[in-house]
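Undergrad: Numbered according to mature numbering (1 follows the signal peptide of the UniProt record, and there is no 0), the sequence shown spans residues -16 to -1, 1 to 281.
Don't be surprised by glycine CBs; every beta carbon is placed ideally from N, CA and C.
Can you read through this structure? Questions will come right after.
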Amino acid sequence: IPGPSCLWSVLQLALATYRYLTWVSMSTAKKGRLRASQSSNPNHFLDATGLDLLHLGNNRISVIQDRAFGDLTNLRRLYLNGNRIEKLNSELFYGLQSLQYLFLQYNVIREIETGTFDPVPNLQLLFLNNNLLRSLPVGIFSGLTLYRLNLRSNHFSYLPVSGVLDQLKSLLQIDLHENPWDCTCDVVGMKLWLEQLNTGVLVDQVICESPKKFAENYMRNIKPELLCPDYSDIIVSTPTPSMQGSARTTSFSILGQFNTFVLSSLYAVCCFAKGSIGVCKTKRVSFSQMSQKKKRS
């Protein structure tokens, strides 16, 4: 089996010789791996503008130079799965305006920078499963029309509705299984958002890992007031794929003496402790909450 350097040289030769090449696979097995110290060089793809598919999966790539794929303007499918990539940014995907399918599963991705997917407005499928992600930046899916999103087997304890989940308006499938979901107040908005998805969109169940009393329970089976017993009313208003851009407001109250809300606009989840005064603001939300005692005064 040829060594890593030889394999990379063959790829360079192929790209330089066949300008109308439509696909390249360097998905290697056993000994045919790129060394961790090797990286993709921008010049490697200069004469391969006709590529439709590029498979670099199952190597040991840890570094890909900024704009390495900048000349692959017709590329629709990119496989970077099974490597050692730790961080994603927008420079990585610069020039890939035709990209529709992006496979990043089984890496060691810990961080995704804001704007990472701005260069790929036509992205329809995104696999980020089996990485080390704990959070996603606000607006990360803005401007995308994602049909399939896989976030399975990461380190998410919750995902916010505003700026993240509410950007996913065209979903046909989402996989959130095998994450350490913390079923407390933070997940109430996410739970209600999931409940509004069409049947079959959610792959497998979302299972709570903590707190201990909810461990191994399906999130959907736990009532919101049990998830958040020490807080006041929670009002959620989120657009979902099944609603095609319209908004639906879901609310519930906890038995007892509640605080009151003044609500204006959409897309938020907020909890305030009884007797407190606060303001919750997001991109499209502004509402205040005052205790009954304060209101009476």
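Within 10 angstroms of its Cβ, does SER248 collect 16 or more other Cβ (buried), or is it exposed?
TA: Any reading at SER248 must be qualified, since the residue scores a pLDDT of 29, below 50, and its modelled position is unreliable; the value itself is stated next. So SER248 counts as exposed.
Undergrad: Apart from the five residues on each side of it in sequence, which residues of its chain come closer than 6 Å, Cβ to Cβ, to ASP102?
TA: Taken in chain order, the residues that qualify are SER74.
Undergrad: Please state whether the Cβ-Cβ distance between LEU88 and PHE111 is less than 8 Å.
TA: Yes, Cβ-Cβ distance for LEU88 and PHE111 is below 8 Å.
Undergrad: Output needed for ARG118: all residues of its chain with C-beta closer than 8 Å, excluding positions within five of it in sequence on either side, in chain order.
TA: Same-chain partners within the cutoff: ARG94, ASN138, HIS139, PHE140, SER141.
Undergrad: With 16 other CB atoms within 10 Å as the buried threshold, where does SER146 fall?
TA: Classification of SER146: buried, given that the 10 Å Cβ count is 16 or more.
Undergrad: Taking Cβ positions, are GLY79 and ARG51 nearer each other than 8 Å?
TA: Contact flag set, yes.
Undergrad: How many whole angstroms separate the CB atoms of HIS161 and GLN180, which I take to be in contact at a CB cut-off of 8 Å?
TA: Rounded, the Cβ-Cβ distance is 19 Å, inconsistent with contact.
Undergrad: Roughly how many angstroms separate the alpha carbons of LEU56 and LEU64, rounded to a whole number?
TA: Between LEU56 and LEU64, the C-alpha separation is close to 15 Å.
Undergrad: Provide the residue span of the beta strand (DSSP E) that contains GLU193, from first to last.
TA: Its beta strand (DSSP E) spans residues 192 to 194.
Undergrad: Report the three-state DSSP secondary structure of ASN106 (helix, strand or coil).
TA: Coil at ASN106, not helix or strand.
Undergrad: Determine, using beta carbons only, whether ASP159 and VAL122 come nearer to each other than 8 Å.
TA: Cβ atoms of ASP159 and VAL122: not closer than 8 Å.
Undergrad: At 3 residues or longer, what runs of the beta strand (DSSP E) sit wholly inside the segment 47 to 76?
TA: Correct list: 61 to 63.
Undergrad: According to DSSP, which residues form a beta bridge with ASP36?
TA: Partner(s): none; ASP36 has no beta bridge.
Undergrad: Please state the DSSP three-state secondary structure of ASP150.
TA: Of the three classes helix, strand and coil, the one that applies to ASP150 here is helix, per DSSP.
Undergrad: Would you call GLY184 buried or exposed, if buried means 16 or more other Cβ atoms sit within 10 Å of its Cβ?
TA: Classification of GLY184: exposed, given that the 10 Å Cβ count is below 16.
Undergrad: Do you know offhand how far THR168's Cα is from VAL148's?
TA: When rounded, the distance between both Cα atoms is 19 Å.
Undergrad: Looking only at DSSP bridge pairs, what is TRP165 linked to?
TA: DSSP, once it has assigned bridges, lists CYS192 as partnering TRP165.
Undergrad: Can you pull the DSSP bridge partners for ASP159?
TA: Looking at the DSSP assignment, ASP159 forms a beta bridge with ASN134, VAL187.
Undergrad: Is ASN113 closer than 8 Å to SER82 when the C-beta atoms are compared?
TA: No.
Undergrad: Can you check DSSP and say which residues form a bridge with PHE125?
TA: The partner list for PHE125 (beta bridge, DSSP) is empty, contrary to what the question assumes.
Undergrad: What is the DSSP secondary structure of PHE198, counted as helix, strand or coil?
TA: Three-state result, PHE198: helix.
Undergrad: How should ASN205 be labelled, buried or exposed, when 16 other C-beta atoms within 10 angstroms of its C-beta is the threshold for buried?
TA: Result: exposed.
Undergrad: Can LEU156 and ARG136 be called in contact, C-beta distance under 8 Å?
TA: Taking 8 Å as the Cβ cut-off, LEU156 and ARG136 do not qualify as a contacting pair.
Undergrad: Where GLU200 and GLY173 are concerned, what is the direct C-alpha to C-alpha distance, given to the nearest angstrom?
TA: Their backbone Cα atoms lie some 20 Å apart in a straight line.
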